[in-house]
Amino acid sequence: MALFKKKKIQSIGDSQYLTLREERKIAKENAKITKAYEKRKNRTKVPESEYLTEMRDPKNVVEFDNLHTYFYTDVGVSKAVNGVSFDIPEGSIVGVVGESGCGKSVTSLSLMQLVQAPQGQIVEGQIRYKATNGKCYDIAKMPRNEMLHIRGKEISMIFQEPMTSLNPVFTIGAQLDEVVLLHEPGTTKEQAKARSLEMLKLVGIAMCEKVYDSYPHELSGGMRQRVMIAMSLSCNPRLIIADEPTTALDVTIQAQILDLLRDLRHKIQGSIMLITHDLGVIAEMADYVVVMYAGRIVEKGTVREIFHTPKHPYTIGLMKSKPSVNKLVERLYSIPGQVPNPINMPKHCYYKNRCEMCQECCEGDFPELMQFSETHFAACHLYRDNKDLVIYDSLTTGAESEKAEVAHE
Amino acid sequence: MVKYVLKRLGLAVIILLGVSILIYMLAMLMPADYIDRQTAAALQNGSMTQEDVQHLKELYGLADKSFTGIIKSYASWLGNVAKGDFGFSFLYGAPVTEVIGQYMWISFILAFLSYFLEIIIAIPLGIKSAVKQYGVYDYSVTVLAMMGISLPSFFLSALMMNVFSIKLGWFPLQGLTSATIIFEEGDWLGIFLDKAWHLVLPLTVCILLGVGGTMRYTRTNMLEVLNSDYIRTARAKGLSEHTVVYKHAFRNTLIPIVTTVAGMIPGLFGGMMILESVFSIPGIGMMAYRATTQGDIPFIMGYNMFLSVLSVLGILISDLLYVVVDPRVKLK
Chain A
6 MALFKKKKIQ SIGDSQYLTL REERKIAKEN AKITKAYEKR KNRTKVPESE
56 YLTEMRDPKN VVEFDNLHTY FYTDVGVSKA VNGVSFDIPE GSIVGVVGES
106 GCGKSVTSLS LMQLVQAPQG QIVEGQIRYK ATNGKCYDIA KMPRNEMLHI
156 RGKEISMIFQ EPMTSLNPVF TIGAQLDEVV LLHEPGTTKE QAKARSLEML
206 KLVGIAMCEK VYDSYPHELS GGMRQRVMIA MSLSCNPRLI IADEPTTALD
256 VTIQAQILDL LRDLRHKIQG SIMLITHDLG VIAEMADYVV VMYAGRIVEK
306 GTVREIFHTP KHPYTIGLMK SKPSVNKLVE RLYSIPGQVP NPINMPKHCY
356 YKNRCEMCQE CCEGDFPELM QFSETHFAAC HLYRDNKDLV IYDSLTTGAE
406 SEKAEVAHE
Chain B
132 MVKYVLKRLG LAVIILLGVS ILIYMLAMLM PADYIDRQTA AALQNGSMTQ
182 EDVQHLKELY GLADKSFTGI IKSYASWLGN VAKGDFGFSF LYGAPVTEVI
232 GQYMWISFIL AFLSYFLEII IAIPLGIKSA VKQYGVYDYS VTVLAMMGIS
282 LPSFFLSALM MNVFSIKLGW FPLQGLTSAT IIFEEGDWLG IFLDKAWHLV
332 LPLTVCILLG VGGTMRYTRT NMLEVLNSDY IRTARAKGLS EHTVVYKHAF
382 RNTLIPIVTT VAGMIPGLFG GMMILESVFS IPGIGMMAYR ATTQGDIPFI
432 MGYNMFLSVL SVLGILISDL LYVVVDPRVK LK
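As given, the protein sequences belong to chains A and B, one line each in that order.
Residues 6 to 414 (this note's numbering) are what the first sequence spells out, left to right.
Residues 132 to 463 (this note's numbering) are what the second sequence spells out, left to right.
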């Protein structure tokens with residue numbers, strides 16, 4: 006019997022298939038680990054010194070430093086965010102791109118301490134945040150009750166599902182007022198209402214009095230997303246996290262929402278962390294781009310650098326798979342293969358099996374981030390010997406496609 | 132709103148008509164009727180003849196059991212009901228409405244108390260075990276609830292009676308008043324306390340059996356709500372966990388709970404047949420149980436119509452409550 010079992014597992018060739026005993030063992034260990042983390046987070050009296058820290062660069066609002074967020078699932082530990090470091094400078098828009106499940110959202114939820122507990126836990130690394138009071142906190146170590154003062158007030162979040170993100174049983178007004186009343190003690194109901202109406206006007210809602218008294222189901226998706234944005238703005242946050250704010254909306258509304266976000270940046274003088282898998286949105290909006298793949302950063306840099314001189318084959322793949330108006334293609338490019346199983350990640354570069362430029366050197370450990378300019382980094386073995394190697398040239402590929410177009414005509 | 136209620140009440144009349152036909156048919160088709168049961172002994176020892184029995188049946192309107200006969204007698208019953216006359220109970224020798232009116236209240240008090248306590252206990256337990264899902268608290272509450280759900284009421288009653296009244300002697304075994312105590316004229320407090328003392332065991336059984344279901348229902352709904360997007364939004368606002376759970380989540384959990392709780396209203400007045408019989412509490416449940424076993428057709432009809440009216444009203448109330456708790460629902 007034992008022999009038979011062993012053979013079965015081998016034939017499938019995947020450790021995802023666990024025996025009942027193994028599963029129970031994992032669950033037991035997970036419970037132990039997560040319980041310890043939860044206990045730590047739920048402490049009420051924690052000396053501030055424990056989570057005070059220093060910013061590396063005072064110009065940044067947030068610095069992610071080697072962040073690891075793991076999910077302790079029943080089939081093993083899933084490393085959703087596995088060593089992510091990047092900065093969000095003051096007053097800038099930082100775009101985070103990557104395909105579904107690459108850890109974009111988990112990174113942002115870690116910053117809010119909203120990762121699905123108790124399975125999801127920040128295991129390692131720092132998230133340094135420069136608060137309005139001049140102090141610098143490490144959010145990864147912050148106890149839960151302290152975090153409540155930052156959430157919604159200093160860092161706020163816009164979610165990707167406007168249809169379900171508002172509580173259906175409360176009016177828009179009640180939900181908006183709640184934030185103001187919570188974070189600005191001493192405000193009267195009238196003041197809160199005035200503030201909410203002002204915010205609704207700011208996000209371009211014409212009949213704000215009427216919307217104020219409506220329930221969420223009485224509004225369209227675009228309107229609800231505007232309300233969500235108004236809600237996130239109402240306490241003048243230093244940072245807004247927009248987690249795929251336009252994914253669930255139709256294209257015309259998408260454009261309006263993006264315009265709105267861009268305007269806001271000047272109005273509120275805060276930073277925006279924009280999570281999306283739409284490169285077009287990134288090109289339009291962002292100052293800095295972070296490309297994530299399977300829980301790691303594969304490339305980061307300014308928008309110009311990423312779009313004109315992309316270094317990592319994955320970034321290039323993303324560029325190529327973007328539909329373009331002035332190119333004629335038979336079939337839209339798509340990156341072959343699939344993201345590796347998040348449990349038991351390989352040691353080598355995670356992109357190796359899908360990479361078209363894979364070489365012998367790719368067998369080695371996961372490549373370190375290599376610096377190409379002051380702001381441009383990429384993690385790929387190809388550039389180990391020659392940093393000036395060009396594997397993608399936006400100019401030539403553009404020219405080629407134009408040629409192809411002419412030929413076609 | 133008024134139009135909607137009127138429409139629903141109109142529909143209710145049709146429903147009640149159908150229900151009454153069904154129950155009347157079933158009651159008439161029971162193999163041994165009231166006269167058969169009453170005269171069986173006399174017929175055996177020869178003090179009554181078959182003719183006497185037949186004569187009695189004719190007097191009681193039970194002689195003609197053919198289809199047309201049933202229709203005819205149903206029509207006359209319906210005619211009387213339209214005039215407000217539910218007939219005379221064979222067994223209790225009094226008008227049906229009077230019997231129901233007399234015995235309804237003790238059942239109502241028993242049921243209302245257990246219903247109230249059940250909700251007060253079950254909802255907080257359900258919420259807490261949803262918040263602490265898969266924790267020690269959740270598991271222990273769930274196990275207890277499951278035990279409550281799966282125990283039959285007569286068994287638990289017998290167990291409680293054995294332990295608390297026979298072995299320990301803390302509570303009286305059966306009934307509603309102590310036969311051995313003589314109360315002075317006007318000693319209302321004494322009578323009240325005596326009755327309350329008698330109701331402790333049946334109430335406990337009732338609550339133990341009922342809490343599990345409501346608690347599980349609350350837990351399931353709470354869990355569903357806690358995983359929804361708007362709860363994440365509420366957390367992202369910086370609200371404390373307490374506000375998130377008891378304001379944002381609970382208000383949404385209330386929607387399914389209110390409707391099921393309103394659906395329990397007929398049970399409040401209907402009494403609990405088995406429990407009242409086991410504890411010999413003179414409530415409407417026990418009266419109905421006896422009437423049913425004896426084939427007392429006017430009482431069976433009266434009691435069941437009473438229950439049907441309450442059910443229809445209960446559903447109407449739960450639909451109206453939907454509008455109160457859920458702003459998305461509009462009645463047309």
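Note that beta-carbon positions come from the ideal geometry of N, C-alpha and C, so glycine has one too.
Keep in mind it's a predicted model, so treat the numbers as computed, not measured.
{"query": "Whether Gly342 (chain A) touches Asn358 (chain A) by CB criterion (7 Å)", "result": "yes"}
{"query": "Residues that Asn87 (chain A) bridges to, as DSSP identifies them", "result": "A:His73"}
{"query": "Endpoints, the alpha helix (DSSP H) within which Gly100 (chain A) is located", "result": "No alpha helix (DSSP H) holds Gly100 (chain A); the beta strand (DSSP E) holding it covers Ile98 to Val102."}
{"query": "Helix, strand or coil at Leu140 (chain B) [DSSP, three-state]", "result": "helix"}
{"query": "C-beta atoms of Gly125 (chain A) and Phe175 (chain A) nearer than 7 Å", "result": "no"}
{"query": "Nearest to Ile252 (chain B) (by Cα), restricted to the options B:Ala276, B:Gly210, B:Val262 and B:Glu229", "result": "B:Ala276"}
{"query": "Positions along the segment 332–360 of chain B whose CB lies within less than 7 Å of some CB in chain A", "result": "Ser359 and Asp360"}
{"query": "Close-in-space but distant-in-sequence residues of the same chain around Lys196 (chain B) (CB under 7 Å, 5 per side omitted)", "result": "Met159"}
{"query": "With 16 other Cβ atoms within 10 Å as the buried cut-off, status of Cys354 (chain A)", "result": "buried"}
{"query": "Stretch-stretch touch, CB-based, cutoff 8 Å, three pairs: the segment 105–121 of chain A with the segment 55–64 of chain A", "result": "no"}
{"query": "Outcome for Arg366 (chain B) when other beta-carbon atoms lying within 10 angstroms are tallied against a minimum of 16", "result": "buried"}
{"query": "Distance between Pro333 (chain B) and Ser507 (chain B) (C-alpha atoms, nearest Å)", "result": "Nothing can be reported for residue 507 (chain B), as the shown portion of chain B is limited to 132 through 463."}
{"query": "Pair within 7 Å by beta-carbon distance, Val102 (chain A) and Thr74 (chain A)", "result": "no"}
{"query": "Length-filtered (4 minimum) alpha helix (DSSP H) runs lying within the segment 276–337 of chain B", "result": "284–291"}
{"query": "DSSP-derived helix/strand/coil call for Ser406 (chain A)", "result": "Here the model assigns Ser406 (chain A) a pLDDT of 44, short of 50, so the residue's position is not dependable and the matter cannot be decided."}
{"query": "Ser90 (chain A): CB within 6 Å of a non-hydrogen atom of the ligand PLP", "result": "Absence of the ligand PLP from the depicted structure is noted, as is the absence of any ligand whatsoever, leaving it without description."}
{"query": "Cross-chain neighbours of Arg156 (chain A) in chain B, by beta carbon under 9 Å", "result": "Arg366, Ala367, Lys368, Gly369 and Leu370"}
{"query": "Chain-order list of residues whose beta-carbon lies under 7 Å from that of Arg168 (chain B) (same chain, five-residue window excluded)", "result": "Gln425 and Gly426"}
{"query": "Residues, ordered as in the chain, of the segment 274–286 of chain A that lie near chain B by beta-carbon distance below 7 Å", "result": "none"}
{"query": "Short Cβ contact (7 Å threshold) for Gly414 (chain B) with Ser238 (chain B)", "result": "yes"}
{"query": "Other residues of its chain near Asn71 (chain A): CB distance less than 6 Å, five sequence neighbours each side excluded", "result": "Gly88, Ser90 and Gly130"}
{"query": "7 Å Cβ cut-off: residues of chain A touching His379 (chain B)", "result": "Asn172"}
{"query": "Cβ contact (3+ pairs, closer than 8 Å) linking the segment 291–307 of chain B and the segment 315–331 of chain B", "result": "yes"}
{"query": "Buried versus exposed call for Ser339 (chain A) [16 or more other C-beta atoms within 10 Å across all chains shown]", "result": "exposed"}
{"query": "CB-CB length for Gly106 (chain A) against Val344 (chain A), believed under 8 Å", "result": "6 Å"}
{"query": "CB contact below 7 Å: Pro387 (chain B) versus chain A", "result": "no"}
{"query": "Residue(s) in a DSSP beta bridge with Lys305 (chain A)", "result": "A:Val295 and A:Phe382"}
{"query": "Proximal chain B residues relative to Leu244 (chain A), where beta-carbon distance stays under 8 Å", "result": "Under the 8 Å cutoff, chain B gives no residues; its nearest Cβ is about 12 Å from Leu244 (chain A)."}
{"query": "For Lys272 (chain A), the first and last residue of its enclosing alpha helix (DSSP H)", "result": "Val256 to Ile273"}
{"query": "8 Å Cβ cut-off: residues of chain B touching Tyr220 (chain A)", "result": "Pro458 and Arg459"}
{"query": "Span separating the alpha-carbon of Leu202 (chain A) from that of Arg156 (chain A)", "result": "22 Å"}
{"query": "Close beta carbons around Met403 (chain B), own chain, < 6 Å, minus the five adjacent residues each side", "result": "Gly416"}
{"query": "Beta-carbon proximity list for Asp325 (chain B), same chain, < 8 Å, skipping 5 on both sides", "result": "Thr308, Ser309, Ile312 and Phe314"}
{"query": "Ala380 (chain B) - DSSP class collapsed to helix/strand/coil", "result": "helix"}
{"query": "Contacts that Asn383 (chain B) makes with chain A (C-beta to C-beta distance below 8 Å)", "result": "Asn172, Pro173 and Val174"}
{"query": "Alpha helix (DSSP H) runs wholly inside the segment 179–262 of chain B, at least 4 long, in chain order", "result": "181–191, 198–213 and 227–262"}
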